[in-house]
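Data first, discussion second: the structure below is written as structure tokens.
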Ligand code: NDP
């Protein structure tokens, strides 16, 4: 992707304070985009913005709070000229045996992974439409196949695929929609699992087989670099040794 063709374009990335979101910000910035970094941990966003230099905007925003997103959209419009790309990446993966003990984890996953992406999309929709922009949703292989312990996480990621499939049709030709379904990616994601046994098992399996956040960022960059008439609608990207 040539940096010149992206100069003047802005990418908004939710969950940019770590993992896939931070890697995507680095990759898109290197490709010439201005990047708006959204997450709750502002110290991390500030550090990433300082690392990347000009053409970055660090915006503290919780995707479960519509007001945060509205404020972020205003600043992206005034300071970066509006969003050409929105990457709905913010997410939590709070796996564990299904039951009442994890009720608050279920609320959180639905609120962040699914409603957060829906809200960010409707808030940035006008900006994307005006620029024939790209909407990139980070789902998961857990949105295509499931295993015990995944139920609510899988529900959010299957939901994101359905949301993406419908919007691809509803928003064409104005907004190009891509959904990406990564397998195991080495990030801090499993470290936030609250069920201790599931956390230990998941961290062990990630340590054995995973790809990098940069591998997924490269897929995001590839999708948004397609010629305007081409839509890369759905991509599954796994470690080649990962079975499911
Ligand atoms: P990380 O834990 O490194 O990143 C998650 C990001 O989401 C952080 O930047 C975090 O920032 C942000 N986030 C969490 N809650 C909120 C919130 N309420 N508002 C705004 N931002 C929030 O994990 P990954 O990079 O791995 O995960 C990124 C996405 O990729 C997720 O959607 C995940 O489900 C998906 N994915 C990851 C896979 C993996 O194996 N790692 C596989 C398949 C999909 P902060 O805490 O600062 O708000």
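Numbering (this note's numbering), first residue to last: 179 to 422. Glycine residues also receive a C-beta, built at the ideal position from the N, C-alpha and C atoms.
State the DSSP-derived secondary structure class of residue i, mapped to helix, strand or coil.
i, result
"residue 195", "coil"
"residue 179", "The predicted model places residue 179 with a pLDDT of 48, which falls under 50 and marks its position as unreliable; any figure quoted below should be read in that light. Looking at residue 179 - three-state DSSP - the assignment turns out to be coil, as it is neither helix nor strand."
"residue 409", "coil"
"residue 333", "helix"
"residue 359", "strand"
"residue 312", "strand"
"residue 288", "helix"
"residue 241", "coil"
"residue 301", "helix"
"residue 354", "strand"
"residue 293", "helix"
"residue 387", "coil"
"residue 422", "coil"
"residue 274", "coil"
"residue 250", "helix"
"residue 224", "helix"
"residue 338", "helix"
"residue 379", "helix"
Is it true that the CB of residue j sits closer than 9 Å to the CB of residue i?
i, j, result
"residue 319", "residue 283", "no"
"residue 213", "residue 235", "yes"
"residue 326", "residue 275", "yes"
"residue 241", "residue 306", "no"
"residue 363", "residue 408", "no"
Per DSSP, which one or two residues make a beta bridge with residue i?
i, result
"residue 236", "215"
"residue 394", "None, per the DSSP bridge assignment."
"residue 188", "212"
"residue 415", "360"
"residue 264", "190, 313"
Pull up the CB-CB distance for residue i and residue j, whole angstroms please, since I reckon it's below 8 Å.
i, j, result
"residue 268", "residue 193", "3 Å"
"residue 317", "residue 338", "4 Å"
"residue 273", "residue 371", "5 Å"
"residue 223", "residue 191", "No, residue 223 and residue 191 are not in contact; Cβ-Cβ is about 10 Å, not under 8 Å."
"residue 398", "residue 265", "6 Å"
"residue 188", "residue 259", "6 Å"
"residue 340", "residue 263", "Actually they do not touch by this definition, with Cβ atoms about 22 Å apart."
"residue 313", "residue 355", "5 Å"
"residue 238", "residue 218", "7 Å"
Touching or not, the segment 296-308 and the segment 219-236, by the rule of three or more beta carbon pairs under 8 Å?
no
Below 8 Å, how does it come out for the segment 373-384 and the segment 330-340: are there three or more Cβ pairs, yes or no?
no
Taking contact to mean at least 3 C-beta pairs separated by less than 8 Å, is the segment 358-367 in contact with the segment 411-421?
yes
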